[in-house]
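To keep things clear, I will list the structure first and then write my remarks on it.
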Amino acid sequence: GAASKLCDIAIQDSIVTGKKARQALIERGGNEAALRGKELSLASVKLRINEEHLNKLRLLYKRHGPPGATESAFLRAAFCLMVRYNALQGGSCHGGGMQAALTEEAFDVLHDRMGATVECFASPLNCFWGRFCSAFPDTDGPFGSLGSFFSFRPR
1 GAASKLCDIA
11 IQDSIVTGKK
21 ARQALIERGG
31 NEAALRGKEL
41 SLASVKLRIN
51 EEHLNKLRLL
61 YKRHGPPGAT
71 ESAFLRAAFC
81 LMVRYNALQG
91 GSCHGGGMQA
101 ALTEEAFDVL
111 HDRMGATVEC
121 FASPLNCFWG
131 RFCSAFPDTD
141 GPFGSLGSFF
151 SFRPR
């Protein structure tokens, strides 16, 4: 009905624009294809995400979100997550990159030698494995978050 229309997230194609944004993306190993993305919007709030990240979120949501969830439900969850992390970055869509992230090889060693399968501090946008602890279980949960690391008790 009318109430659900108020929460519908609009999605449209987008290209990363601006010389600094394009240069930063290319410097981080992105190619021209990585400049393609989507813009999610609700009312006057518009957020861009590259297709690779949106596809990763979609995969995580299918794996960990509610069974039988619709594309519309996924877009609402993705939008909420993006708004939260955008706010954390001070409202800038060109955030951080200051995480002390491990390399793929380091994750392989942790898995092969120690049996690790969960990340202690990650987000749906930067996780390597599908299960991780994160700062925001309310928005990150449908994408695989196990909640706060400080409350996490492995079995």
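Taking full-length UniProt numbering, the leading residue of the sequence shown gets 1, the next gets one more, and so forth. In this text, a Cβ means the ideal position worked out from N, Cα and C, and glycines have one as well. Small disclaimer: the values here were computed from a predicted structure and weren't measured.
Next item on the list: Could you work out which residue in Phe152, Ile26 and Leu40 is closest to Val118 when comparing CA atoms only?
Entry: Taking the sequence shown and counting its residues from 1, the one referred to as residue 118 is at position 118. The shortest C-alpha separation from Val118 is found at Phe152.
Notebook entry, point to check: What residue does the beta strand (DSSP E) around Glu39 start on, and which one ends it?
Noted result: The residue labelled residue 39 in the question sits at position 39 within the sequence shown. Counting along the chain, the beta strand (DSSP E) containing Glu39 begins and ends at Arg36 to Leu42.
Check: Of all the alpha helix (DSSP H) runs that stay within the bounds of the segment 79-152, which reach a length of 4 or more residues?
Finding: 104-114 and 137-140
Margin query: Once DSSP output is grouped into helix, strand and coil, what is the label at Ala77?
Written below: The residue labelled residue 77 in the question sits at position 77 within the sequence shown. Helix at Ala77.
Check: What does a CB cutoff of less than 6 Å around Gly144 pick up in its chain, not counting 5 residues either side in sequence?
Finding: Working through the sequence shown from its first residue, we reach residue 144 at position 144. Around Gly144: Leu60, His64, Gly130 and Arg131.
Check: For Arg58, which three-state DSSP category applies?
Finding: Translated into positions along the sequence shown, residue 58 becomes position 58. It is helical.
Note to self: Could you tell me the alpha carbon to alpha carbon distance between Leu25 and Gly37, rounded to whole angstroms?
What the structure shows: Position 25 of the sequence shown, counted from the start, is the residue given in the question as residue 25. Position 37 of the sequence shown, counted from the start, is the residue given in the question as residue 37. The alpha-carbon atoms of Leu25 and Gly37 are separated by roughly 12 Å.
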